[in-house]
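Some notes on the structure that comes next.
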Amino acid sequence: MGEAKEEVEELAAISRALSLNIGTLNKDTLDSMMLAGKSANKQRIPVILDPVGAGATAFRKEAIQRILTEIDISVLRCNAGELAAIGGVEWASKGVDAGEGNIDLETLATRVAKEYNLVVAVTGETDIVADGSRVEKITGGDRMMGSVTGMGCLLSAVTAAFTAVSPADPTAAAIEALKFYGAAGEKAAASSNGPGSFREKFLDMLYGRKIEENSFGFEKEEGVDVLWQRSSRY
Amino acid sequence: MGEAKEEVEELAAISRALSLNIGTLNKDTLDSMMLAGKSANKQRIPVILDPVGAGATAFRKEAIQRILTEIDISVLRCNAGELAAIGGVEWASKGVDAGEGNIDLETLATRVAKEYNLVVAVTGETDIVADGSRVEKITGGDRMMGSVTGMGCLLSAVTAAFTAVSPADPTAAAIEALKFYGAAGEKAAASSNGPGSFREKFLDMLYGRKIEENSFGFEKEEGVDVLWQRSSRY
Amino acid sequence: MGEAKEEVEELAAISRALSLNIGTLNKDTLDSMMLAGKSANKQRIPVILDPVGAGATAFRKEAIQRILTEIDISVLRCNAGELAAIGGVEWASKGVDAGEGNIDLETLATRVAKEYNLVVAVTGETDIVADGSRVEKITGGDRMMGSVTGMGCLLSAVTAAFTAVSPADPTAAAIEALKFYGAAGEKAAASSNGPGSFREKFLDMLYGRKIEENSFGFEKEEGVDVLWQRSSRY
Chain A
1 MGEAKEEVEE LAAISRALSL NIGTLNKDTL DSMMLAGKSA NKQRIPVILD
51 PVGAGATAFR KEAIQRILTE IDISVLRCNA GELAAIGGVE WASKGVDAGE
101 GNIDLETLAT RVAKEYNLVV AVTGETDIVA DGSRVEKITG GDRMMGSVTG
151 MGCLLSAVTA AFTAVSPADP TAAAIEALKF YGAAGEKAAA SSNGPGSFRE
201 KFLDMLYGRK IEENSFGFEK EEGVDVLWQR SSRY
Chain B
1001 MGEAKEEVEE LAAISRALSL NIGTLNKDTL DSMMLAGKSA NKQRIPVILD
1051 PVGAGATAFR KEAIQRILTE IDISVLRCNA GELAAIGGVE WASKGVDAGE
1101 GNIDLETLAT RVAKEYNLVV AVTGETDIVA DGSRVEKITG GDRMMGSVTG
1151 MGCLLSAVTA AFTAVSPADP TAAAIEALKF YGAAGEKAAA SSNGPGSFRE
1201 KFLDMLYGRK IEENSFGFEK EEGVDVLWQR SSRY
Chain C
2001 MGEAKEEVEE LAAISRALSL NIGTLNKDTL DSMMLAGKSA NKQRIPVILD
2051 PVGAGATAFR KEAIQRILTE IDISVLRCNA GELAAIGGVE WASKGVDAGE
2101 GNIDLETLAT RVAKEYNLVV AVTGETDIVA DGSRVEKITG GDRMMGSVTG
2151 MGCLLSAVTA AFTAVSPADP TAAAIEALKF YGAAGEKAAA SSNGPGSFRE
2201 KFLDMLYGRK IEENSFGFEK EEGVDVLWQR SSRY
């Protein structure tokens, strides 16, 4: 929640996961992100990076490079256009939208995962999680999810919460987060008339959804509130 | 979306319209707006200005003057109180709300349109669009629209999207945007219980609304998604 | 609404209440808050303080001390963890959440109220309002209110609006604001499926709710719109 250089190290240190999001980046908030990220690394707290609009401007490209070079990231949560920018390949992206292209996303995700030693979770019609040795595809979700501002940012926060519960296995955390998010989106979209009602129903779904399997540290039928309780909020 | 001096020129240059909004202005964001506006002018990208609370403080008055003097604005999207402040006439405005007054808004809008060579789109019980040679009145909408924060800011963004599709005729773009917005507001209000449900239904309406006439670059029955696709987002 | 040093004194001076909220504090916004607070004090406009995450970082602790020392606050609107940080007692708080503890909140609220000569309005399962000579407990509300981001911040804004109508009796204003807010929350929760639908229904309730008693400057059956009209917005 904080953004001031004066306090982000302290805030990161009392957290159980840190989500860095460059959506409305400026020079000051970038400095704060560097401090927060290094503080989290020192405390062995997992760091999630959402490289919003990575390829849109030189400022964002440089910021992403600086973050990836100086901070150990657990999960890079992005879309295909952002991943392409980070991987240095061409992509028909204009601004921060994903655009379309024909590169092999699985290969690219694996390459970026290896290069920066992190888990790549790239969302699209099919989501892909790659950690360098393994690639998992996740289907589900709904195209309505692309029509609501902040859905990617919220997914990164949710991924951070899952990673907080499972810091030793960020691959599993990212996969479970994407499945969870996609299923909630699918159910919410089924009873929505547009992005306004979708947003409301989606938040209800995220809140009320029960875990379907005895996995990922949950007992069957435990709700997400357990997850929230186990991950620190601030 | 961006606000950093380091990148706003680049972001503006890859856009198809730029909406400048002084709602939570500070010295840094004003500098960024000047850079973004000049970049948009150089690329012949239409610039929309929302002079939030124009008359409320000396800082805002000076900022507006600086923007209007140094940047070519296509559409000035404001309320009556803000227009009065820009036109230098007395108005019973307190803070950033519109207040009430008896000046002839059509005359004032026309005068400001001529002085700064732009289209004035002023909202109120009846909306007025004036470009110096022509005045159009638009009725519709609902008073509930005045009870939701950000409705004016969103209208400016929607006006920018319409202007992106019709940069050569910002008058038509502003008129169509106001009709579209007002109709969506009227329908949403009809099934709302207050500002909370109105906001949800209004976003659904904006999203789902079909264009009623073969005009403004649309085929009949094309939806707003076509408009969004034609205007760049970032 | 403003945050720029260049204008906050002017904005505060044309207001009827000022709500200071340190949620996303930084050095610049703290400076602006000091200017706004002193301007409000000079004009005898009531100032409400929401010490978000007061105990979470040294920066916040120092900021709160500076505000409480240099500005006359009418109502301190906080949760138990924040009150404990201000009162200098131990509390099992981590980050900005309230945490849990066994101190006597009524005693603590009364002590802080006396020390800083203000009204303390502390929310929790039972809300407490203390002004040094009197303690009032308010029940009601719903636990769903704790699951929506910004509910505390909005309550502070609503408290500011009530105090604007009754600046001479901030104790009564805080009590009425808490009753009003809690009743709206209770009714909204009764027909909600989760935080998404709760938020929508809660805003509808806040808007549509009629005052139940001929008190606090209202006629019976006057709606909240009267309150909004009497408190200046900007």
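Protein chains in written order, with our numbering: chain A, 1 to 234; chain B, 1001 to 1234; chain C, 2001 to 2234.
Ideal Cβ placement from N, Cα and C applies to all residues, glycine included.
Computed from a predicted structure; not experimentally measured.
Nearest neighbour of residue i, chosen from the options [CA to CA]
i	options	result
residue 144 of chain A	A/115, A/193, A/51 and A/16	A/193
residue 1148 of chain B	B/1048, B/1177, B/1185 and B/1105	B/1185
residue 1007 of chain B	A/21, A/26 and A/14	A/26
residue 1076 of chain B	B/1204, B/1209, B/1199 and B/1160	B/1160
residue 64 of chain A	A/169, A/116 and A/199	A/116
residue 1200 of chain B	B/1209, B/1208 and B/1188	B/1188
residue 1127 of chain B	B/1180, B/1086, B/1089 and B/1087	B/1180
residue 68 of chain A	A/191, A/34, A/84 and A/43	A/34
residue 1079 of chain B	B/1054, B/1089, B/1032 and B/1060	B/1054
residue 2178 of chain C	C/2042, C/2086 and C/2151	C/2151
residue 2056 of chain C	A/70, A/13 and A/183	A/13
residue 1190 of chain B	B/1142, B/1170, B/1081 and B/1040	B/1142
residue 1005 of chain B	A/60, A/209 and A/140	A/60
residue 2204 of chain C	B/1205, B/1197 and B/1208	B/1197
residue 2182 of chain C	C/2202, C/2171 and C/2170	C/2202
residue 176 of chain A	A/58, A/20, A/137 and A/18	A/137
residue 2017 of chain C	C/2028, C/2207, C/2170 and C/2206	C/2170
residue 2009 of chain C	C/2084, C/2122, C/2039 and C/2140	C/2039
residue 121 of chain A	A/31, A/174 and A/89	A/174
residue 1042 of chain B	B/1072, B/1118, B/1022 and B/1058	B/1072
residue 2084 of chain C	C/2036, C/2066 and C/2106	C/2106
residue 2 of chain A	C/2015, C/2002, C/2029 and C/2011	C/2029
residue 11 of chain A	A/87, A/21, A/86 and A/37	A/37
residue 2104 of chain C	C/2118, C/2081 and C/2119	C/2081
residue 1022 of chain B	B/1044, B/1045 and B/1066	B/1066
residue 62 of chain A	A/44, A/86 and A/168	A/86
residue 2167 of chain C	C/2088, C/2031 and C/2118	C/2118
residue 1163 of chain B	B/1208, B/1045 and B/1024	B/1045
residue 1209 of chain B	A/206, A/123, A/195 and A/208	A/195
residue 146 of chain A	A/91, A/139 and A/125	A/125
residue 15 of chain A	A/90, A/89 and A/165	A/165
residue 1070 of chain B	B/1139, B/1031 and B/1090	B/1031
Residue i - partner residues in DSSP beta bridges
i	result
residue 1068 of chain B	None; residue 1068 of chain B has no bridge partner.
residue 2076 of chain C	C/2049 and C/2120
Item to check | Contact list for the segment 2042-2060 of chain C against chain A, Cβ threshold 9 Å | outcome: Within the segment 2042-2060 of chain C, the residues whose Cβ lies closer than 9 Å to some Cβ of chain A are 2052, 2053, 2056, 2057, 2058, 2059 and 2060, listed in chain order.
Checklist entry - Of all the residues that make up the segment 1142-1163 of chain B, which are near chain C by a beta-carbon distance shorter than 7 Å? => result 1147
Next on the checklist: Threshold first: 3 residues or longer. Then list the beta strand (DSSP E) segments lying entirely within the segment 1-62 of chain A, N to C.
Outcome noted: 18-21 and 47-50
Checklist entry - Taking any Cβ of chain A, which residues in the segment 2005-2030 of chain C have a Cβ under 8 Å from it, in chain order? => result 2023, 2024, 2025, 2026 and 2027
Item to check | Residue ranges of each beta strand (DSSP E) within the segment 140-188 of chain A, 3 or longer | outcome: With a minimum length of 3 residues, no continuous beta strand (DSSP E) run stays inside the segment 140-188 of chain A.
Checklist entry - Which residues, taken in chain order from the segment 188-201 of chain A, show a beta carbon closer than 7 Å to some beta carbon of chain B? => result For the segment 188-201 of chain A, the set of positions with a beta-carbon nearer than 7 Å to some beta-carbon of chain B reads 193, 194, 195, 196, 197 and 200 in chain order.
Checklist entry - Within the chosen definition, does the segment 2111-2118 of chain C reach the segment 2131-2143 of chain C through at least 3 CB pairs nearer than 8 Å? => result yes
Next on the checklist: For a minimum of 4 consecutive residues, which ranges assigned as the alpha helix (DSSP H) are wholly contained in the segment 97-137 of chain A?
Outcome noted: With a minimum length of 4 residues, the continuous alpha helix (DSSP H) runs that stay inside the segment 97-137 of chain A are 105-116.
Next on the checklist: With three or more beta-carbon pairs closer than 8 Å as the criterion, would you say the segment 2037-2050 of chain C touches the segment 2154-2174 of chain C?
Outcome noted: yes
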